[in-house]
Amino acid sequence: MKPHPPGPVPRRQGGGGVNPEHVRVLRAGHGANCSSIGSVIDTLFFTALAGGAIFAAVAAALATEPVRVVPVPPRGDPAPEPAKDEGEP
Amino acid sequence: MIVRFESWGAWVKLETMPALVALDRDGVRALGLDGAGTWELPATISPPVEVHLAVTARCAAGCEGCYLDARPDGVEPPKATLLARLDALRDAGVFTVAFGGGEPTTRADIGELAEEAKSRGITPVLTTSGLGLSSEKAERLRAFAQVNVSYDGEGEDYAAVRGFDGARAAESAIGMLALAGVRVGVNVVLTRTTFERIGATLRRARSLGALEAQLLRYKPAGRAATLDYLARRLTPEQAASVGPTLRAVSAEHARAPGEFRIRIDCAMVPFLSADPEIAAAPERLARLGVFGCEAAQALAAVRVDGTVAPCSFAGPTELDASRLGAGMGQDPEIARWRAYASSPAEPCASCSLRSVCKGGCKVVSSFLSETHGPDPECPRVRAFGASHGRA
Chain L
1 MKPHPPGPVP
11 RRQGGGGVNP
21 EHVRVLRAGH
31 GANCSSIGSV
41 IDTLFFTALA
51 GGAIFAAVAA
61 ALATEPVRVV
71 PVPPRGDPAP
81 EPAKDEGEP
Chain U
1001 MIVRFESWGA
1011 WVKLETMPAL
1021 VALDRDGVRA
1031 LGLDGAGTWE
1041 LPATISPPVE
1051 VHLAVTARCA
1061 AGCEGCYLDA
1071 RPDGVEPPKA
1081 TLLARLDALR
1091 DAGVFTVAFG
1101 GGEPTTRADI
1111 GELAEEAKSR
1121 GITPVLTTSG
1131 LGLSSEKAER
1141 LRAFAQVNVS
1151 YDGEGEDYAA
1161 VRGFDGARAA
1171 ESAIGMLALA
1181 GVRVGVNVVL
1191 TRTTFERIGA
1201 TLRRARSLGA
1211 LEAQLLRYKP
1221 AGRAATLDYL
1231 ARRLTPEQAA
1241 SVGPTLRAVS
1251 AEHARAPGEF
1261 RIRIDCAMVP
1271 FLSADPEIAA
1281 APERLARLGV
1291 FGCEAAQALA
1301 AVRVDGTVAP
1311 CSFAGPTELD
1321 ASRLGAGMGQ
1331 DPEIARWRAY
1341 ASSPAEPCAS
1351 CSLRSVCKGG
1361 CKVVSSFLSE
1371 THGPDPECPR
1381 VRAFGASHGR
1391 A
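Residue numbers (the working numbering), protein chains in the order written: chain L, 1 to 89; chain U, 1001 to 1391.
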């Protein structure tokens, strides 16, 4: 498949079917601290039902929001560390 | 949604709800997208997803523990300079910019800078002391997705962290921001004094209109990098009780009607190693996007002089913000900060939280042991040291 250019991207027919197992990480909220990076922690103590509702809301947003692809930065240099760790969330 | 392809899939920032999602390649394909241009190339160092941008070094508060040593006569970059830095963040694919300083609300153009960030597809957020904030100023902050007010507790609790009682000003600011329709949260710095009052502090913040609280570890940087740090940091017993404490305050606020979220900062993650239930299920922390030390990885800071730092508490690298996208892989200091997480020493190497925690706070370990080693205040590291004859 041809890579998408930066900018708005039309959805391919049949897209939007993201399953929970495709979601490696879900970081909720904006956070607004300027000194250290923060993470929502209360969801860790939620019931499975409440946690499932959050993932369902995300799946719905993934299925409906318009898509815009950011330009791939000119990263240039290969990662000095093992590539398997590179950028993995 | 905004999609940034990565070697493993893509980061996706949703726009109808505040969330950042990492999808694997199959998930990206399920969206009808393909990252071939990125997926077929060798993996490279990714730019951060969140950048902390110092928009001024000016601040009149004079907090004893200021990590930047901000002062009333601090430098304030011109707007054009900051716009160029926002351009660089956009070009690097950064999703969130947290405006800080100094006191960012001292800038008359702070609302315009937020609009400029949004026009570049970057979500702007801001931290303020609340000192000097007026209703008019609060109105100018409406372009921010969220504003956090530094609030360590009422009266003496606030003073115990910052050296003066600014609690009333902070409380007033929370109310003014909420009234102006700004989504407002609080930053609560945890010292051995304020830790004991977390419950009351969060209840008070919520009653004033805050929708979120971020709990921050006190760190030995800037004016806090003195021996006094040792008397203010959490006690070992408090550090070991962070997990149960978070569980209790989360349960309390989940029961109450309305929204109130609880966050922890990256430096708090090592303390979770003492909680058997959390330590036994690290994949839950990872899946919920809990970040430990992401300095020079998912996080970077742009200092007021335009140099990039691994995080706001770290010293500058030689990398200028204008080269954030391409330069992360070239700077030796960036590489040094990334190195520990790749191959940590024991007891980090065998810790179940290793992939999330990433070795704990390098600012703390650098201050206490002059190296990027295991976080000396982590309960697991303390126990390991005790069992190997170290205090």
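Ideal Cβ positions, reconstructed from N, Cα and C, are used throughout, including at glycine. All values derive from a computational prediction rather than experimental measurement.
Can you tell me where the beta strand (DSSP E) holding residue i begins and where it ends?
i: A1300/U; result: 1299-1302
i: V1028/U; result: Careful: V1028/U lies outside any beta strand (DSSP E), inside the alpha helix (DSSP H) at 1025-1030.
i: T1127/U; result: 1123-1128
i: W1011/U; result: 1009-1013
i: E1006/U; result: 1002-1006
i: R68/L; result: 67-69
Pull up the distance between the alpha-carbon of residue i and that of residue j, whole angstroms please.
i: P1316/U; j: Y1151/U; result: 28 Å
i: L1272/U; j: R1142/U; result: 35 Å
i: D1024/U; j: A1386/U; result: 41 Å
i: L1177/U; j: G1102/U; result: 19 Å
i: G1166/U; j: E1154/U; result: 9 Å
i: A1254/U; j: F1260/U; result: 8 Å
i: D1320/U; j: T1056/U; result: 17 Å
i: P1374/U; j: V1364/U; result: 10 Å
i: L1120/U; j: A1092/U; result: For clarity, residue 1120/U is Arg in the given sequence; the question names Leu instead. The alpha-carbon atoms of R1120/U and A1092/U are separated by roughly 11 Å.
i: L44/L; j: A1159/U; result: 32 Å
i: S1322/U; j: R1085/U; result: 6 Å
i: A1061/U; j: S1007/U; result: 44 Å
i: S1369/U; j: G1243/U; result: 25 Å
i: L1211/U; j: L1131/U; result: 20 Å
i: I41/L; j: A1080/U; result: 37 Å
i: P1072/U; j: Q1238/U; result: 35 Å
i: T1226/U; j: P1220/U; result: 7 Å
i: C1378/U; j: R1354/U; result: 12 Å
i: A1267/U; j: C1361/U; result: 5 Å
i: A1256/U; j: L1216/U; result: 23 Å
i: T1127/U; j: R27/L; result: 20 Å
i: A1251/U; j: I1262/U; result: 10 Å
i: Q1214/U; j: Q1330/U; result: 33 Å
i: S1358/U; j: C1293/U; result: The sequence shown places Lys at residue 1358/U, not Ser. Answer to the nearest angstrom: the Cα atoms are 6 Å apart.
i: A1371/U; j: Y1340/U; result: According to the sequence provided, residue 1371/U is Thr. The question's Ala does not apply to it. Their Cα atoms are separated by approximately 10 Å.
i: V1094/U; j: L1234/U; result: 33 Å
i: A1286/U; j: K1013/U; result: 17 Å
i: A83/L; j: S1342/U; result: Since pLDDT at A83/L reaches only 40, below the 50 mark, its modelled position is unreliable, and no value is offered.
i: A1036/U; j: R68/L; result: 16 Å
i: L1208/U; j: E1346/U; result: 44 Å
For the alpha helix (DSSP H) that residue i lies in, which residues bound it at each end?
i: H1253/U; result: 1242-1255
i: R1090/U; result: 1079-1092
i: E1283/U; result: 1282-1287
i: A1054/U; result: Premise fails: A1054/U lies in the beta strand (DSSP E), 1050-1054, not in any alpha helix (DSSP H).
i: F1384/U; result: 1379-1387
i: R1197/U; result: No alpha helix (DSSP H) contains R1197/U, which DSSP labels as neither H nor E.
i: V23/L; result: Taken as a continuous stretch (DSSP letters only), V23/L belongs to no alpha helix (DSSP H), being part of the beta strand (DSSP E) at 23-28.
What is the C-beta distance between residue i and residue j, in whole angstroms, given that I count them as a contact (C-beta under 8 Å)?
i: T1201/U; j: R1232/U; result: Actually they are not in contact, since the Cβ atoms of T1201/U and R1232/U sit about 16 Å apart, beyond 8 Å.
i: T1096/U; j: V1125/U; result: 7 Å
i: N33/L; j: D1265/U; result: 7 Å
i: V1149/U; j: V1189/U; result: That belief does not hold up - the Cβ atoms of V1149/U and V1189/U are roughly 12 Å apart, past 8 Å.
i: A1298/U; j: A1309/U; result: Actually they do not touch by this definition, with Cβ atoms about 14 Å apart.
i: L1089/U; j: I1122/U; result: 6 Å
i: F1291/U; j: I37/L; result: 5 Å
Let me know the secondary structure DSSP gives residue i once reduced to three states.
i: R1203/U; result: helix
i: V1021/U; result: strand
i: A1180/U; result: coil
i: V1363/U; result: helix
i: A1036/U; result: helix
i: V1269/U; result: helix
i: G1292/U; result: coil
i: Q1214/U; result: strand
i: S1150/U; result: strand
i: G38/L; result: strand
i: P82/L; result: Annotation note: pLDDT 39 at P82/L (below 50); position unreliable, no value reported.
i: G1101/U; result: coil
i: D1320/U; result: strand
i: T1106/U; result: helix
i: G17/L; result: coil
i: R1263/U; result: strand
i: P8/L; result: strand
i: V58/L; result: helix
**OP:** Using a Cβ-Cβ cut-off of less than 7 Å, list which residues of the stretch 25-39 of chain L approach chain U; keep chain order.
**Re:** V25, L26, R27, A28, G29, H30, G31, A32, N33, C34, S35, S36, I37, G38, S39
**OP:** Can you give me, in chain order, the residues of the stretch 53-68 of chain L that have a beta carbon less than 8 Å from any beta carbon in chain U?
**Re:** A57, V58, A61, L62, T64, E65, P66, V67, R68
**OP:** Determine which residues of the stretch 1035-1061 of chain U have a Cβ less than 7 Å from any Cβ of chain L, and write them out in chain order.
**Re:** G1035, A1036, G1037, T1038, P1042, A1043, T1044, I1045, S1046, P1047, E1050, H1052
**OP:** With 7 Å as the C-beta to C-beta threshold (strictly closer), list the residues of the stretch 1307-1329 of chain U near chain L in chain order.
**Re:** C1311, S1312, F1313, G1325, A1326, G1329
**OP:** Return the residues of the stretch 1018-1037 of chain U that lie within a Cβ-Cβ distance of less than 7 Å from chain L, sorted by chain order.
**Re:** P1018, A1019, L1020, V1021, A1022, L1023, D1024, D1026, G1027, A1030, L1031, G1032, L1033, D1034, G1035, A1036, G1037
Original post:
Going along the chain, which residues of the stretch 1110-1129 of chain U sit with their C-beta nearer than 8 Å to a C-beta in chain L?
Top reply: G1121, T1123, V1125, L1126, T1127
**OP:** Identify each residue in the stretch 1247-1271 of chain U for which the Cβ-Cβ distance to at least one residue of chain L is less than 9 Å, and report them in chain order.
**Re:** R1247, V1249, S1250, A1251, H1253, A1254, F1260, R1261, I1262, R1263, I1264, D1265, C1266, A1267, M1268, V1269
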